[in-house]
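Mapping the sequence shown onto our numbering, position 16 (from 1) lands on 48, and the numbers just tick up by one. To start, the structure itself, in structure tokens.
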Amino acid sequence: MKIAPSLLSCDFSVMGAEIERMDKAGADWMHLDVMDGHFVPNLTFGAPVIKRVRRYTAKPFDVHLMISEPLRYIDDFAAAGADIITFHVECDSDIGATIDKIRDNGILPGLVLKPGTPAEAVFPYLDKLALVLVMTVEPGFGGQSFMADMLPKVRQIKAECARRGLTVLIEADGGIGEATIAQCAAAGVDVCVAGTAVFQADDPAQAIAQLQAY
Ligand code: DX5
Ligand code: ZN
Numbered sequence: 033m034k035i036a037p038s039l040l041s042c043d044f045s046v047m048g049a050e051i052e053r054m055d056k057a058g059a060d061w062m063h064l065d066v067m068d069g070h071f072v073p074n075l076t077f078g079a080p081v082i083k084r085v086r087r088y089t090a091k092p093f094d095v096h097l098m099i100s101e102p103l104r105y106i107d108d109f110a111a112a113g114a115d116i117i118t119f120h121v122e123c124d125s126d127i128g129a130t131i132d133k134i135r136d137n138g139i140l141p142g143l144v145l146k147p148g149t150p151a152e153a154v155f156p157y158l159d160k161l162a163l164v165l166v167m168t169v170e171p172g173f174g175g176q177s178f179m180a181d182m183l184p185k186v187r188q189i190k191a192e193c194a195r196r197g198l199t200v201l202i203e204a205d206g207g208i209g210e211a212t213i214a215q216c217a218a219a220g221v222d223v224c225v226a227g228t229a230v231f232q233a234d235d236p237a238q239a240i241a242q243l244q245a246y
């Protein structure tokens with residue numbers, strides 16, 4: 033299992049050092065949660081912050097856009113150094129145009145599903161995607177409880193990709209830790225985001241290694 037620590041749980045006053053700490057602890061990707069206070073009821077950071085912290089690791093930057101109009105900002109996040117950009121299928125931008133814009137910038141595109149959105153919502157775009165992110169909490173905040181009832185969605189998306197001969201990674205995000213990751217692995221999740229479970233661990237390197245073993 034690949035593990036992407038969510039920087040939402042880091043000490044933002046030393047974000048660069050926190051990224052270095054996660055790099056040394058063995059993180060596979062860095063997960064960066066961008067919130068606009070409109071699509072979700074919380075605010076975090078944008079492209080200027082990501083650009084500043086980019087130099088603290090060579091690991092992939094997995095940028096999760098929880099914003100209403102992602103299309104307007106794709107060039108900014110590309111210039112800031114994103115490697116993967118995921119955005120919500122429930123957003124207000126044109127989905128196909130946003131995927132194309134991400135691809136045009138040489139970045140891997142992914143679509144995200146909120147808990148209330150069915151798997152079928154991403155089916156029309158699967159052949160253009162590198163990744164689908166299934167939210168296992170309502171987006172907006174770290175530290176919430178894992179929703180196991182989202183896992184059938186993972187299986188549905190995997191089955192549809194297999195049926196169509198597509199290779200699309202499945203990522204899960206929210207409430208994932210030692211107690212819940214086995215279920216994600218069993219459902220076929222390829223990449224797990226973990227905020228609280230990694231940042232609150234006494235030994236993040238050990239926590240990441242334990243999660244990667246699934
Ligand atoms: C929630 C974010 C998640 C969150 C995960 O909106 O997308 O990435 O930080 O945090 P934990 O692992 O604490 O649920
Ligand atoms: Zn996220």
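No residue lacks a Cβ here, since even glycine has one placed at the ideal position from N, Cα and C.
Checklist entry - Thinking just about the alpha-carbon of each residue, which of A180, L163, Y246 is nearest to the one in E170? => result Counted from its first residue, the sequence shown places residue 170 at position 138. Of the listed residues, the one whose Cα sits closest to E170 is A180.
Next on the checklist: Please tell me whether, using a cut-off of 8 Å, the distance from the CB of G148 to the nearest non-hydrogen atom of ligand 2 is below it.
Outcome noted: In the sequence shown, the residue the question calls residue 148 occupies position 116. Taking non-hydrogen atoms of ligand 2 into account, the C-beta of G148 is found less than 8 Å away from none of them.
Checklist entry - In chain order, what residues of the same chain lie with their CB nearer than 8 Å to the CB of A162, ignoring the 5 residues before and after it? => result Your numbering for residue 162 matches position 130 in the sequence shown. Excluding sequence neighbours, A162 sits near I116, L140, P141, G142, V200, L201.
Next on the checklist: Helix, strand or coil for I35? Go by DSSP, reduced to three states.
Outcome noted: Start at 1 with the first residue of the sequence shown, and residue 35 comes out as number 3. Per DSSP, reduced to three states, the secondary structure at I35 is strand.
Item to check | Neighbourhood of P102 by C-beta distance below 7 Å, restricted to the same chain and skipping five residues each side | outcome: Taking the first residue of the sequence shown as position 1, residue 102 is located at position 70. The beta carbon of P102 sits closer than 7 Å to those of F119, C123, S125, T130, all from its chain and outside the five residues before and after it, given in chain order.
Checklist entry - Anyone know if the C-beta pair for T89 and D132 falls short of 9 Å? => result Working through the sequence shown from its first residue, we reach residue 89 at position 57. Working through the sequence shown from its first residue, we reach residue 132 at position 100. The answer is no: Cβ separation not under 9 Å.
Checklist entry - What did DSSP end up calling D107 once you bin it into helix, strand or coil? => result Position 75 of the sequence shown holds residue 107. Reduced to three states, the DSSP call for D107 is helix.
Checklist entry - Does ligand 2 have even one heavy atom less than 8 Å from the beta-carbon of D115? => result To locate residue 115, count along the sequence shown from 1; it is residue 83. Answer for D115: no, Cβ out of range of ligand 2.
Next on the checklist: In this structure, how does DSSP classify A229 when only helix, strand and coil are distinguished?
Outcome noted: Start at 1 with the first residue of the sequence shown, and residue 229 comes out as number 197. Helix, per DSSP.
Checklist entry - M47 by DSSP, collapsed to three states: which one? => result What you label residue 47 is simply residue 15 of the sequence shown in a count that begins at 1. In the structure shown, M47 sits in a helix (DSSP, three-state: H, G or I).
Item to check | First through last residue of the beta strand (DSSP E) which encompasses L201 | outcome: Taking the sequence shown and counting its residues from 1, one reaches residue 201 at position 169. Element bounds for L201: 201-205.
Item to check | Residues that DSSP places opposite M167 in a beta bridge | outcome: Counting from 1 along the sequence shown, the entry for residue 167 is found at position 135. M167 is bridged by DSSP to D205.
Checklist entry - According to the neighbour-count rule (16 or more other Cβ atoms, all chains shown, within 10 Å of its Cβ), is F44 buried or exposed? => result Counted from its first residue, the sequence shown places residue 44 at position 12. Counting the other Cβ atoms within 10 Å of the Cβ of F44 gives fewer than 16, which makes it exposed.
Item to check | Residues bridged to H70 (per DSSP) | outcome: Within the sequence shown, the letter at position 38 stands for residue 70. None; H70 has no bridge partner.
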